[in-house]
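One structure is given below, encoded as structure tokens.
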Amino acid sequence: MRSSCVLLTALVALAAYYVYIPLPSSVSDPWKLMLLDATFRGAQQVSNLIHYLGLTHHLTALNFIIISFGKKSAWSSAQVKVTDTDFDGVEVRVFQGSPKPGEPLKRSVVYIHGGGWALASAKIKYYDELCTGMAEELNAVIVSIEVRLNSCPHNLEEKRNLEHKMFSVMSYGKEKGEERWIQSDPDAVPCPTYARSPEQKILTYHLHLDTRKRYRLVPQVYFPEQIHDVVRATKYFLQPEVLQKYKVDPSRIGVSGDSAGGNLAAALGQQFSQDANLRNKLKLQALIYPVLQALDFNTPSYQQNVNTPILPRYVMVKYWLDYFKGNYDFVQAMMVNNHTSLEVEEAAALRARLNWMSLLPASITKDYKPVVQTTGNARIVREIPQLLDARSSPLIADQDVLQHLPKTYILTCEHDVLRDDGIMYARRLESVGVEVTLDHFEDGFHGCVIFTSWPTNFSVGIRTRNSYIQWLDQNL
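Heads up, the sequence shown is in UniProt numbering, so the first residue is 1 and it goes up one at a time.
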């Protein structure tokens with residue numbers, strides 16, 4: 001009995017040690033945040049172990065865990081019709097507010113989910129609930145761009161069309177009297193569909209190459225493919241015949257996203273603002289704690305929130321490297337800004353565009369000091385030139401690009417390494433005449449907008465969600 005009590009006490013102590021992290025008193029629901037963070041850290045550690053064992057990439061494993069515990073089917077109600085479809089090959093989940101007799105055309109938002117360009121899905125409950133709420137409260141059409149890591153042929157004709165590809169990546173063999181396919185191409189994607197081939201008269205296990213385009217994730221694809229996918233889907237939606245099908249007013253369409261989705265939304269907004277061939281322009285963009293630059297990982301918010309859940313600095317740096325298929329050996333150097341030191345000439349012209357000493361107010365900069373290395377590692381930018389690409393870092397775009405952007409909403413959270421990215425982008429947009437609403441939450445943390453239902457319901461999550469939807473209602 002005594003040994004059992006000792007063991008139980010030890011286990012409780014270990015659990016408390018693992019869960020507890022020091023948090024500022026101003027953050028919303030600190031104990032609940034500790035539990036959420038501990039759960040996410042546990043999932044990350046399991047996925048890292050799977051990666052270490054050589055079973056699959058750690059991001060693939062982590063995404064499998066996330067989606068397995070939260071995937072939600074397309075369920076419609078009297079208020080919102082939900083359907084899964086594809087726009088020019090890019091999978092989307094469409095939420096349509098219920099039609100009302102004699103109502104005019106609906107407004108619409110194209111939404112891009114977050115997840116470090118590598119995780120999550122439009123079909124997990126958090127994003128499904130957010131977009132359902134948007135469609136219902138705005139009586140709008142919400143197009144949530146989905147991601148699938150692989151896909152199977154949907155019908156027999158498609159399977160037959162892929163037959164020649166199957167033979168190009170497979171060889172047939174037998175082992176212990178059993179029929180089996182041997183995968184000979186590492187890029188082939190398993191499709192769990194059995195079919196009897198009339199020509200072969202045997203049972204085959206179909207594998208085929210992933211031929212459809214979609215908002216794909218790391219490690220399936222890398223920058224800039226994610227941008228191409230969301231641009232492709234949005235351009236398809238903006239076609240007059242598609243807007244007519246969904247009864248959408250072409251003058252009342254916005255783009256939005258959170259975190260990495262906010263990054264993609266900002267990149268899309270910049271690209272569309274420069275596209276003279278687009279008949280229908282975006283009315284607004286709404287960016288929720290967006291990722292906007294990879295040149296300075298020592299802004300005041302990065303220094304203040306270096307180890308704050310849900311997105312500590314080292315994790316954000318790794319997401320950037322994953323996005324660019326970069327080398328993890330660069331993590332430590334990038335965390336101290338060695339990749340943009342004074343000797344890196346390629347970065348010199350861009351530093352002024354994110355000079356936080358001039359872009360941030362004194363209430364933010366406080367006593368923090370800029371970290372500008374005299375010497376550093378010029379090899380990083382040479383090997384990963386994407387770091388200096390405005391498509392990946394919208395904050396460093398030219399002024400003549402920024403001045404053509406539509407009305408903008410940016411939501412930032414105090415306890416988030418990305419806080420200053422959003423504030424600096426707001427200031428740069430304001431300086432060129434763009435109308436900007438900066439919505440800052442002192443008790444907010446990264447990811448809070450989607451945490452509004454049990455067991456991850458945070459008071460700041462509900463308030464940020466409501467504030468975001470209210471702004472859309474007033475401006476779209």
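C-beta: ideal position from N, C-alpha, C; glycine also.
- In this structure, the beta-carbon distance from residue 133 to residue 380 does not fall below 8 Å.
- Between residue 74 and residue 475, the alpha-carbon positions lie close to 28 Å from each other.
- DSSP places residue 417 outside both helix and strand once states are collapsed to three, so it counts as coil.
- A check of alpha carbon separations from residue 121 across 472, 408, 68 and 88 identifies 68 as the nearest.
- Residue environment for residue 114: buried (at least 16 other C-beta atoms within 10 angstroms of its C-beta).
- Per DSSP, reduced to three states, the secondary structure at residue 258 is strand.
- Here residue 128 has 72 as same chain residues with Cβ atoms under 6 Å from its own Cβ, once five neighbours each way along the sequence are excluded.
- Segment contact: the stretch 248–264 against the stretch 272–288, three or more CB-CB distances shorter than 8 Å; contact assigned.
- Contact between residue 100 and residue 247 is ruled out by a C-beta separation of about 11 Å, above the 8 Å threshold.
- A check of alpha carbon separations from residue 235 across 411, 389 and 279 identifies 279 as the nearest.
- Classified as buried, residue 416 has 16 or more neighbouring CB atoms from the shown chains inside 10 Å of its CB.
- Taking 3 residues as the minimum length, the beta strand (DSSP E) runs contained wholly in the stretch 72–136 are 80–87, 90–97 and 106–112, in order along the chain.
- Cβ contact annotation for residue 38 (same chain, cutoff 7 Å, sequence separation greater than five): 18 and 19, in chain order.
- When only Cα atoms are considered, residue 358 and residue 396 end up about 15 Å apart.
- When DSSP states are grouped into helix, strand and coil, residue 389 belongs to the coil group.
- Here DSSP, grouped into helix, strand and coil, assigns residue 410 to strand.
- Listed in chain order, the non-local C-beta contacts of residue 436 below 6 Å within the same chain comprise 408, 426, 429 and 430, local neighbours out to five positions each way being set aside.
- Residues of the same chain with a CB within less than 7 Å of the CB of residue 230, apart from the 5 flanking positions on each side, are 112, 145, 215, 264 and 268 in chain order.
- DSSP, read as helix, strand or coil, puts residue 39 in helix.
- When C-alpha distances from residue 434 are compared across 463, 59, 462 and 403, the shortest belongs to 403.
- Non-local C-beta neighbours of residue 87 in its own chain, meaning closer than 7 Å and more than five positions away in sequence, comprise 233, 236 and 237, ordered along the chain.
- Between residue 221 and residue 322, the CB-CB gap reaches or exceeds 8 Å.
- By the beta-carbon neighbour count (other beta carbons within 10 angstroms, threshold 16), residue 59 is buried.
- The stretch 450–466 makes no contact with the stretch 321–338: fewer than 3 CB pairs, one atom from each, lie closer than 8 Å.
- Residue environment: residue 258 is assigned as buried (16 or more neighbouring CB atoms within 10 Å of its CB, all protein chains considered).
- If you draw a straight line from the Cα of residue 387 to the Cα of residue 295, it comes to about 7 Å.
- With a cutoff of 8 Å on beta-carbon distance, residue 460 and residue 28 are scored as near each other.
- Shown here, residue 440 sits in a strand according to DSSP, grouped into three states.
- The residue among 97, 458, 224 and 306 with its C-alpha nearest the C-alpha of residue 81 is 97.
- By the Cβ rule, the stretch 344–353 does not count as touching the stretch 299–308, because fewer than three pairs are nearer than 8 Å.
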